[in-house]
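Top to bottom, those sequences are chains A and B. So the mapping is simple: the numbering used here equals the position in the first sequence, first residue as 1, plus 4. So the mapping is simple: the numbering used here equals the position in the second sequence, first residue as 1, plus 123. Right, one structure below, let's go through it.
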Amino acid sequence: MTDHRPLEELLRADEGDAGCIAGEDILDAYVELELAGADPAKVYPGTAIHLRSCPGCRADHDGLLEAARRFSDVEPA
Amino acid sequence: MHLVVSVERSSTSSRVVDTARDRESERWVAQLRAGHPRRERTVHKLHDLLRRAAFHELSRRRGQLGSIGGPELDDLAQQAADDALMNILARLDDFRGLSRFTTWAYKFVVFEVSGKVARHAWRRQPPARDELAFEQLPDSLSPKPGERIERREQLDALSGAIGELTDRQREVFVAVALNEVPIDVLAVQLRTNRNAIYKNLFDARRNLRARMAAAGHPVAEEDAPR
């Protein structure tokens, strides 16, 4: 079998994509749902679709998920 | 079909933060407000957390930063933490408690790092002319000897369809999808923002799928004419 990049992935443009700006506002809530073991796609379906297609927002999401996992639950001074 | 530009609505069902964490978040917000006796100490602690998160995020994105030295990385982390802190303090009233306060705060520093890394990467190495112009499909897509004939025809249809995009759609699709130029670096290059680039990319992908389907080479079953 020949190894190649899937066209479906290269041309992904799914119906219902919420775009970059909609996700900016709720990305923290989205990540918190993931950390709680819930499915954020049920609450924020447009952002879940968007994160599959937008490399910039996906990088931000991944960074926030990791930061929240590592550095949250800190009490104020 | 279009990109749905919308606001994702939050509801109480999206709240997963428990009561203890709610109280912790409330304390953060209260102590960061002007006039609170512990404000200075709390601001200092938040800045320290933001700097650590920024440094971690910069390290995660180090591939885009080239041979940046330790002091320069520290400086970028400091700038990202400073800018994020200013934003957070100005927008305390926007915190709705849908996440822990710290998760909400880290969002600002991640966005700051994202923007700073893109500008740094662009200054270090702006996209080359041939990363934006379409000549042929990259090797990773080009048909290989022995490839099924349908795939070869599909890729030929894709090449033809790329040539029919608008100039901006073609430039964005070629850079981001084919040559993997980071979307934020391209946004700096084209003096626009991520959302505008993404919209061009989305429209380009939709156009390409439609043109390929019309040419008899749909990418997916749902694209095929009925």
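No residue lacks a Cβ here, since even glycine has one placed at the ideal position from N, Cα and C. Please read all numbers here as calculations on a predicted model, not as lab measurements.
Item: Within chain A, partners of B/Lys168 - CB distance below 7 Å; Value: Pro80 and Ala81
Item: Span of the alpha helix (DSSP H) around B/Phe357; Value: As displayed, chain B neither begins before 124 nor continues past 349, which places residue 357 of chain B out of reach and without an answer.
Item: Chain-order list of residues whose beta-carbon lies under 8 Å from that of B/Ser182 (same chain, five-residue window excluded); Value: Leu196
Item: Proximity test, Cβ basis, 8 Å: A/Asp43 and chain B; Value: no
Item: Within chain B, the residues that A/Leu68 reaches when beta carbons sit closer than 8 Å; Value: Thr226, Tyr229, Lys230 and Val233
Item: Delimiting residues of the alpha helix (DSSP H) encompassing A/Pro59; Value: Pro59 to Phe75
Item: Rounded straight-line distance, which links the Cα of A/Ala33 to that of A/Phe75; Value: 16 Å
Item: Where the alpha helix (DSSP H) through B/Gln201 begins and ends; Value: Gly193 to Ala213
Item: Closest by C-alpha distance to B/Arg174, when choosing among B/Leu215, B/Arg144 and B/Asp206; Value: B/Asp206
Item: Cβ-based burial, B/Glu273 [other Cβ within 10 Å; buried from 16]; Value: exposed
Item: Contact under 8 Å by Cβ, B/Arg184 with A/Cys24; Value: no
Item: Exposure of A/Lys46, with buried meaning 16 or more beta-carbon neighbours within 10 Å; Value: exposed
Item: Straight-line gap, A/Leu15 to B/Leu172 (C-alpha atoms, nearest Å); Value: 39 Å
Item: Own chain partners of B/Glu287 with C-beta closer than 7 Å, once the 5 adjacent residues on each side are dropped; Value: Arg334
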